[in-house]
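Trainee: Sending over a structure as structure tokens; questions will come in a sec.
Numbering (our numbering), first residue to last: 41 to 314.
Right, dumping it as structure tokens:
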């Protein structure tokens, strides 16, 4: 983990996520990039309004530099920080910047009462989880940094996991000496695991063979509630998911607002794409 991108809209939630990213960067000795995306407001043609793009970028960069100086003033560890500004659609620009600069992890804050609460569907964070190509670590507004020594990997064994899917997970487990709890929530405990499930489990065990890990199964008709229950019972520090197509997380991210299935902001959520 060499480069961490911390997008900010200068809100409290974003500032909290930056604080988390700073701690990660210090421990991993990674470069931290503070990033803001602005948009030029549309105004009627007849309105006598002139928007100077350079003035906007200068003002934003000044705010980012203030954030940088505040970080450096309150840390006793050398940390490399850069600031960057872009204009456009927030999720698209974050994704573009992350790919162009080979960012290893995007750390973002989440507004609202829960990670996937009804009111934040369609937010930048969930857009990145759904469509982005870089790992995204979502930090709830009340979460403070703690070493993720207990990581839950939620897996529904939809298809065989690939070793490369877990590169960052294994790196974090090594960095923090974490134990990985591989969790499968069974909505219908009466159904026996299929052959495909068994094969996927074996391959998953092999992919994480270099880590300290264990397998866990719980029965719950609501997958999200089951994950939250497991997180609380086992004092989990971080939740890891791969929102692959047709998985329960993918389905959850694409639900309508009428169904209130939400991750409460108990722990950070790390989503990695295939």
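Built from N, CA and C at the ideal position, the CB exists for glycine as well. Please read all numbers here as calculations on a predicted model, not as lab measurements.
Is it the case that the segment 101 to 108 contacts the segment 133 to 141, given that we only count it when at least three CB pairs across the two stretches are under 8 Å?
Mentor: Cβ pair count under 8 Å is below three, so no.
Trainee: Quick check: the segment 47 to 67 against the segment 174 to 189, are at least 3 beta-carbon pairs closer than 8 Å?
Mentor: Yes, they touch.
Trainee: My guess is that residue 77 and residue 128 are in contact by the Cβ rule of under 8 Å, so how many angstroms apart are they, rounded?
Mentor: The sequence position of residue 77 within the chain shown is 37, counting from 1. The sequence position of residue 128 within the chain shown is 88, counting from 1. Rounded, the Cβ-Cβ distance is 6 Å, consistent with contact.
Trainee: Output yes or no for whether 8 Å exceeds the beta carbon distance between residue 73 and residue 122.
Mentor: Within the chain shown, the letter at position 33 stands for residue 73. Within the chain shown, the letter at position 82 stands for residue 122. Yes; because the gap between Cβ atoms is below 8 Å, this pair is in contact.
Trainee: For the beta strand (DSSP E) containing residue 51, list its first residue and its last residue.
Mentor: On the chain shown, position 11 is the one that residue 51 refers to. Careful: residue 51 lies outside any beta strand (DSSP E) and carries neither H nor E.
Trainee: According to the neighbour-count rule (16 or more other Cβ atoms, all chains shown, within 10 Å of its Cβ), is residue 111 buried or exposed?
Mentor: Here residue 111 corresponds to residue number 71 of the chain shown, with the count starting at 1. Buried, by the Cβ-count rule.
Trainee: Report all residues from its chain with a CB closer than 7 Å to the CB of residue 274; omit the five preceding and five following residues, and keep chain order.
Mentor: By one-based count along the chain shown, residue 274 stands at place 234. Excluding positions up to five away in sequence, the list reads 190 and 221.
Trainee: For residue 260, tell me which candidate among 212, 228 and 169 has the shortest Cα-Cα distance.
Mentor: Locating residue 260 in the chain shown gives position 220, counting from the first residue. The shortest C-alpha separation from residue 260 is found at 228.
Trainee: Is the distance from the Cβ of residue 143 to the Cβ of residue 43 below 8 Å?
Mentor: Along the chain shown, one-based indexing puts residue 143 at 103. Along the chain shown, one-based indexing puts residue 43 at 3. Yes. Within cutoff.
Trainee: Applying the 10 Å Cβ sphere with the 16-neighbour rule, what's the burial state of residue 114?
Mentor: The sequence position of residue 114 within the chain shown is 74, counting from 1. With fewer than 16 other Cβ atoms within 10 Å, it is exposed.
Trainee: Can you pull the DSSP bridge partners for residue 70?
Mentor: Working through the chain shown from its first residue, we reach residue 70 at position 30. Answer by DSSP bridge pairing: none, since residue 70 is not bridged.
Trainee: Report the CB separation of residue 223 from residue 209 in whole angstroms; it is logged as a contact under 8 Å.
Mentor: Within the chain shown, residue 223 is the residue found at index 183, counting from 1. Within the chain shown, residue 209 is the residue found at index 169, counting from 1. Actually they are not in contact, since the Cβ atoms of residue 223 and residue 209 sit about 13 Å apart, beyond 8 Å.
Trainee: Report back the beta-carbon spacing between residue 139 and residue 174 to the nearest angstrom; my notes put them in contact at under 8 Å.
Mentor: Along the chain shown, one-based indexing puts residue 139 at 99. Along the chain shown, one-based indexing puts residue 174 at 134. That belief holds up - the Cβ atoms of residue 139 and residue 174 are roughly 7 Å apart, short of 8 Å.
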